[in-house]
Structure formats: structure tokens, C-alpha cells
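Residue 573 is where the sequence shown starts when you use the working numbering, and the numbers rise one by one after that.
Note that CB positions come from ideal geometry on N, CA and C, so glycine has one too.
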Amino acid sequence: MTDLRPSPDRGPAEATRGPEGAAPRDLRTRPAAATLLAALLAGLLAGCVKSPVLELTGVGVEGVDFKKVDLAFELRATNPNGFRIHLTGVTYVLESEGTEFARGEMRRPMTLPANQATTVRAPISVYYLDLLPVLRRARGAESVPYQLKADAKFRFLGIGIPVRLKRSGKMPALRNPGWHLRDVQLVRGPPSWLELSFEVDNPNAFELPLEQLRGVLKYGDDVVVRIDEPKLGLVPPGKSKVFSVRARADGRGVARAFARRLLRGQRQKFTFDGDLRVGVPALLRKMFAQGQRGDG
């Protein structure tokens, strides 16, 4: 017999249900439609958004010490669009004839206003040890070629806009300076005074201004002198210089050191634990400024 009872109404989910275990048809097609829509939107926007312009406008020397030279490249990012875009970061490397010797990154997000240029500071440190392969190939030259490669990442409405910059130039050959404690002498005249002699070696083509010496002289583990001496003069290019500093001895430290040596027979060496700060040579700034060339 035929069942004449009315069948219950099916809801929306049942109306679209496919074979047993399959997802509803509209739910399966929704992600694909969204992906297609996003692709179409990206294509439309890509045709409307002009690519930003990245330029190198200068390079400065931020600091010099006995391990590295700190540089800062000044970049100009120009937004040619009538709406603002965002700079999410810049990565950059320094190379010389294919040999990378320094790498840096600027991660601070920035907003570029419409039709305006914004200055971007890109700091980077050049370590003397990392530069050695380049200097060996240079064979005593006072300057070496370099290439700056920078990759900037811009975004507009979630769409990435990569921009690359290549710039070539010449930079001075940066060689590792050094310094050490040379001698310790008792000063004649004023009691409890010592004279410390230091030697600084400068193998570079520019002078080194010695800004400040700060630290302690130790005999073994005992501090016998504390030093804080500013403005120690200049070390000429390609030369070594010996300079002396006088300071009053620390009475307690001397007494402990004397007791160790006299009563316990412990003979130690004088060591200096401190830092010699170097200023930025004016000639070095000039060398980097003159070494810029056109795009490579």
C-alpha cells in the first residue's frame, strides 16, 4: 500500500545535503569563491597601486671601536600614490665582488603618507674580522668596492609590494686597530702614584681620535689603580702611538697585593680591565661620502 502520510519538511541543511557523509554543496564552494574573489581584487588593485620608489641618499659613520665600524645608510622611500601605504621592514646586505661581509634589518613599521617621501634609517655594523676575506683580495689597497642590496616590503590592504635597491660604491679598507698595556712604573716624587703606558696600533689610512680610557689596573685579582682619562690625542694613520696615564694607587688594593706577594709568595702580573673609546674620524666620514656611486 502506498503511504499517504505527509512527509516532514526538510530544513535548509537537508535540502543541500549531498551523498551520505559529504559536506553541503554551498559550504564546499564558499572557500573557492572567496579565494577567487581575493585573486580578482588583488589583480584590480595591482593595476591601480604604483610601486614605491626606494633610493639611497647618504651614508654616515655612527661609531668606531676596536671590533667594528657602525654605519647608517639613509634611504628615501617615496609613495607616488594618492593614498597611504605601509612599510613593514627592510633587509639589506653589503657585498664586495660577491663576498658578503655585513647584514642588517630595519623592522620598525612605518606609514608613508600619500604622494610624500619618508626617510628610512638603515643601521649596519661592519666587523673587521668579517671584512678580512675582502681585504686579502684587495692586496693592500686603501679602498674596496662594495654593493648595497636592500629589499623593502610595502603593504596596501594586505597586498605585499616588494621593492629592491642596488647601489654600488667604494669604501675605505677597514683594518683592525689594537691596543694593550705596555708598562707600569712607580712615579718618582708624589707617593702612591703609578704611571701606566699603553700602545695603540692604527693600520688604517685615517687617524684615530682617542676619546676616553676607563678601567682598572689589577695585580692578580686585586685592583690597585682606577683610571678615567678623557681626550688622549690622535693616533696617526698607519702608525703606532704610546701614551701614558698617571693615577693614584688604591691603598687597600696595594696592601692586599703586597700581602699576597710578601706573605704568601704569590707573584702575579699586572693586567688592565677596561675600555678605550674611539671617536669617529672626520676623514672616515669624508671617505664614505665620496665613495658613493650610481646604481649598480
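Under the criterion of beta carbons closer than 8 Å, A674 and L707 do not qualify as touching, at roughly 14 Å. Straight-line measurement puts the Cα of F728 at about 24 Å from the Cα of G676.
In this structure, P717 is the residue among P717, V621, G630 with its C-alpha nearest to the C-alpha of K742.
Burial check for P802: the Cβ neighbour count within 10 Å stays below 16, so the residue is exposed. Shown here, V698 sits in a strand according to DSSP, grouped into three states.
Assignment of R708 by DSSP, reduced to helix, strand and coil, places it in the helix class. Annotation: V797 to V759 spans about 13 Å, alpha carbon to alpha carbon. For the options F778, P624, Y700, K813, the alpha carbon positioned closest to that of P685 is the one of P624. In this structure, DSSP gives Q719 an extended state, which the three-state scheme calls strand. Nearest to T683 by alpha-carbon distance, out of N653, G787, A710, D794, is N653. Here D702 has F673 as same chain residues with Cβ atoms under 6 Å from its own Cβ, once five neighbours each way along the sequence are excluded. The C-beta distance from Q688 to N651 rounds to 6 Å, short enough to meet the 8 Å contact threshold. Taking 8 Å as the cut-off, the Cβ atoms of G750 and F638 count as close.
Per DSSP, A819 is one residue of the beta strand (DSSP E) stretching across 811-820. Minimum Cα-Cα distance from F770 among the listed residues A777, G787, S668 corresponds to G787.
CA-to-CA, the gap between S668 and P734 works out to about 24 Å. Each residue's CA atom was taken as its position, placing R739 and G805 some 36 Å apart. Comparing alpha carbon positions, the residue from V817, V621, I799 closest to G730 is V621. With contacts defined as CB atoms closer than 8 Å, T629 and E646 qualify as a contacting pair. Here the C-alpha atom of E783 lies approximately 26 Å from the C-alpha atom of Y791.
With 16 or more other Cβ atoms from the protein chains shown falling within 10 Å of its own Cβ, A649 counts as buried.
For A674, the uninterrupted beta strand (DSSP E) run begins and ends at 671-678, by DSSP. Per DSSP, L746 lies in no beta strand (DSSP E) segment and is marked neither H nor E. The Cβ-Cβ distance between L785 and L855 does not fall below 8 Å. Annotated three-state conformation of Q840 is coil, per DSSP.
In chain order, V795, V796, V797, R798 place their CB closer than 7 Å to the CB of D822, counting only its own chain and leaving out the 5 sequence neighbours on each side. Of P781, A827, D773, the smallest CA-CA separation from G810 is found for D773. Distance from the CA atom of F778 to the CA atom of P808, rounded to whole angstroms, is 7 Å.
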